[in-house]
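**Student:**
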Amino acid sequence: MDNVQIIIADSDHKRLDKFISECGQDISRSLAQRLIDEGNVTVNGRTVRKSAGVSAGDSVEITVPPPEVLTAEPQNIPLEIIYEDNDLIVVNKPKGMVVHPAVGNPDRTLVNALMYHCRGQLSTINGVIRPGIVHRIDKNTSGLLVVAKNDAAHNGLAAQIKAHSMTREYLSVVSGHFHDKNGTVDAPIGRSPDDRMKMTVIERNSKPAVTHFEVIEDLRGYSFIRCRLETGRTHQIRVHMAYIGHPVLGDDVYGKPFKGIEGQCLHAYKIGFIHPISGEYMEWSTVLPQYFSDVLKTLGSGLVK
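1 is the number of the first residue of the sequence shown in the numbering used here; add one for each residue after it.
1. Return the CA-CA distance between T211 and R228, expressed in angstroms with no decimal places.
2. Helix, strand or coil for L31, going by three-state DSSP, please let me know.
3. Could you tell me how far apart the beta carbons of R220 and G300 are, in whole angstroms, since I believe they sit closer than 8 angstroms?
4. Decide if T71 is buried, meaning its Cβ has at least 16 other Cβ atoms within 10 Å, or exposed.
5. Does the beta-carbon of L303 have 16 or more other beta-carbons within 10 angstroms, so that it is buried, or is it exposed?
6. Determine contact between the segment 175 to 184 and the segment 144 to 153, defined as no fewer than three beta-carbon pairs at a distance below 8 angstroms.
7. Would you kindly report the start and end of the unbroken alpha helix (DSSP H) that includes R220?
8. Quick one: residues in its chain with C-beta nearer than 7 angstroms to the C-beta of D10, no 5 flanking neighbours on either side, listed in chain order?
9. Quick one: Cα of M241 to Cα of V185, how far?
10. Could you tell me which of A209, I244, I202, L171 sits nearest to E217, measuring between CA atoms?
11. Would Q290 be called buried (16 or more neighbouring beta carbons within 10 Å of its own) or exposed?
12. For the candidate residues E73, P74, R191, P94, whose alpha-carbon lies nearest to that of I81?
13. DSSP three-state label for Y254, please.
14. Taking S175 as part of the alpha helix (DSSP H), name the residues at either end of that continuous run.
15. Could you give the residue range of the beta strand (DSSP E) that holds V295?
16. How should H267 be labelled, buried or exposed, when 16 other C-beta atoms within 10 angstroms of its C-beta is the threshold for buried?
17. Among F292, P131, K50, which one has its Cα closest to the Cα of E38?
18. Grab the span of the alpha helix (DSSP H) containing F19 for me, first residue to last.
19. Please work out which residues of its chain come closer than 6 angstroms, Cβ to Cβ, to N205, disregarding the five sequence neighbours upstream and downstream, and give them in chain order.
20. Could you say which of C265, I274, I89, I36 lies nearest to C118 if we only look at CA atoms?
21. Kindly indicate the opening and closing residues of the alpha helix (DSSP H) around H117.
22. Can you name the start and end residues of the beta strand (DSSP E) that V199 belongs to?
23. Does DSSP put G190 in a helix, a strand or coil?
24. Any idea if N86 is buried or exposed, counting beta-carbon neighbours within 10 angstroms, 16 or more meaning buried?
Below you can see the structure in the form of structure tokens.
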């Protein structure tokens with residue numbers, strides 16, 4: 001457990017959580033808020049609210065508990081399996097399921113379900129918390145992802161992702177209408193310097209990111225689009241769409257919530273790759289999940305009944 005004491009030198013009045021996230025201790029604002037809520041921060045010897053103001057001369061003491069030791073255990077959770085063989089498995093992840101355990105989501109994840117289903121036959125390259133996981137999709141993104149059952153398959157799949165040769169296509173509803181029905185967003189993505197929990201388009205400390213999109217249908221105030229990933233950065237489609245002024249519907253991080261659904265309207269509907277062992281090209285696609293169809297109906301789509 002680490003203790004840090006800081007005597008504020010400047011005269012600027014700031015919220016306590018904002019000060020902690022900017023004081024050079026590599027603590028995100030969300031972590032700062034959690035530490036304050038849990039009583040691990042004092043100002044002049046007293047616990048205060050995260051919205052409390054601090055100013056010059058105040059003594060802020062921060063106690064950072066040791067990181068949680070995460071483990072992943074098999075759990076009997078139903079999976080929608082699209083394809084499976086001795087080397088890999090393709091699953092259709094539902095909206096709301098986290099891919100692997102993390103602080104705040106220690107269990108009931110896709111990894112827990114896979115460990116039960118595969119009886120331990122998963123690649124070990126990504127360690128005990130992420131066995132078999134070659135790539136991820138967000139908790140509130142639904143759709144297809146491939147999981148490796150052994151290290152040879154994992155390496156072969158990872159090489160295709162690195163070479164940008166894996167087919168990964170998404171369907172989404174985004175805000176507004178487009179002037180051009182096809183386009184490409186080529187803008188580097190890195191972690192936001194203002195909020196370490198968010199990604200952003202930024203030149204420094206970033207990686208190249210390319211998203212191709214096409215409009216399928218104009219809706220009432222929104223557009224139904226297809227996106228093809230050339231790269232696969234964290235939150236890539238969500239960040240790129242927000243960057244060009246068309247945030248994904250329901251995205252409460254890069255846009256705003258939408259009544260009736262939790263999180264963004266984004267579905268990984270197609271995946272394709274060369275089988276890492278057999279050398280055969282394989283590809284799968286899924287139908288729209290119910291939540292997505294319901295959104296399209298609400299917005300007056302003529303493509304769903």
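Glycine included, every Cβ here is placed at the ideal spot set by N, Cα and C.
**Tutor:** Walking through what the data contain:
1. Here residue 211 refers to the residue found at position 211 when the sequence shown is read from its first residue. Here residue 228 refers to the residue found at position 228 when the sequence shown is read from its first residue. Rounded to the nearest whole angstrom, the C-alpha separation of T211 and R228 is 6 angstroms.
2. The count along the sequence shown starts at 1 and reaches residue 31 at position 31. Annotated three-state conformation of L31 is helix, per DSSP.
3. As a working mapping, residue 220 is identified with position 220 in the sequence shown. As a working mapping, residue 300 is identified with position 300 in the sequence shown. Their Cβ separation, rounded to whole angstroms, is 5 angstroms, which keeps R220 and G300 in contact under 8 angstroms.
4. Start at 1 with the first residue of the sequence shown, and residue 71 comes out as number 71. Around the Cβ of T71, a 10 Å sphere holds fewer than 16 other Cβ atoms; the residue is exposed.
5. The residue given as residue 303 occupies position 303 in the sequence shown. Answer is exposed; the Cβ neighbour count stays below 16.
6. Taking 8 angstroms as the limit for Cβ pairs, the verdict is that the segment 144 to 153 does not touch the segment 175 to 184.
7. For the purposes of this step, residue 220 is taken as residue 220 along the sequence shown, with counting starting at 1. Per DSSP, R220 belongs to no alpha helix (DSSP H) and is neither H nor E.
8. Position 10 of the sequence shown, counting from 1, holds the residue named residue 10. Sequence-distant partners of D10 (beyond 5 residues in either direction) whose C-beta falls short of 7 angstroms from its own C-beta, in its chain, are A56.
9. Translated into the one-based positions of the sequence shown, residue 241 becomes position 241. Translated into the one-based positions of the sequence shown, residue 185 becomes position 185. Taking the straight line from one Cα to the other gives about 8 angstroms.
10. Residue 217 sits at position 217 when you count from the first residue of the sequence shown. Among A209, I244, I202, L171, the Cα nearest to that of E217 is on L171.
11. In the sequence shown, residue 290 corresponds to position 290, counting from 1. The residue in question, Q290, is exposed, as its Cβ has fewer than 16 Cβ neighbours within 10 Å.
12. For the purposes of this step, residue 81 is identified with residue 81 of the sequence shown, where counting begins at 1. Nearest of E73, P74, R191, P94 to I81, Cα basis: P94.
13. Translated into the one-based positions of the sequence shown, residue 254 becomes position 254. Reduced to three states, the DSSP call for Y254 is coil.
14. Position 175 of the sequence shown, counted from the first residue, corresponds to residue 175. First-last for S175: 167 to 175, but that is the beta strand (DSSP E), not the alpha helix (DSSP H).
15. Position 295 of the sequence shown, counted from the start, is the residue given in the question as residue 295. First-last for V295: 290 to 298, but that is the alpha helix (DSSP H), not the beta strand (DSSP E).
16. In the sequence shown, counting from the first residue as 1, residue 267 sits at position 267. Of the residues assessed, H267 falls on the buried side of the cut-off, its CB having 16 or more other CB atoms within 10 angstroms.
17. Start at 1 with the first residue of the sequence shown, and residue 38 comes out as number 38. Its Cα nearest to that of E38, the residue K50 stands out among F292, P131, K50.
18. Indexing the sequence shown from 1 puts residue 19 at position 19. Judged by DSSP secondary structure, F19 falls within the alpha helix (DSSP H) whose first and last residues are 16 to 21.
19. One-based indexing of the sequence shown puts residue 205 at position 205. Non-local beta-carbon contacts of N205 in its own chain, meaning distances under 6 angstroms to residues more than five positions away in sequence, involve G190 in chain order.
20. Locating residue 118 in the sequence shown gives position 118, counting from the first residue. That would be I89, whose Cα lies nearest to the Cα of C118.
21. Along the sequence shown, read from residue 1 onward, the residue named residue 117 stands at position 117. Run containing H117: 110 to 118, per the alpha helix (DSSP H) assignment.
22. Looking up residue 199 in the sequence shown gives position 199. Sequence check: residue 199 is Met here, not Val. Residues 199 to 201.
23. Position 190 of the sequence shown, counted from the start, is the residue given in the question as residue 190. Residue state for G190 is assigned as strand, using DSSP reduced to three classes.
24. Within the sequence shown, residue 86 is the residue found at index 86, counting from 1. The residue is exposed, with fewer than 16 neighbouring Cβ atoms inside 10 Å.
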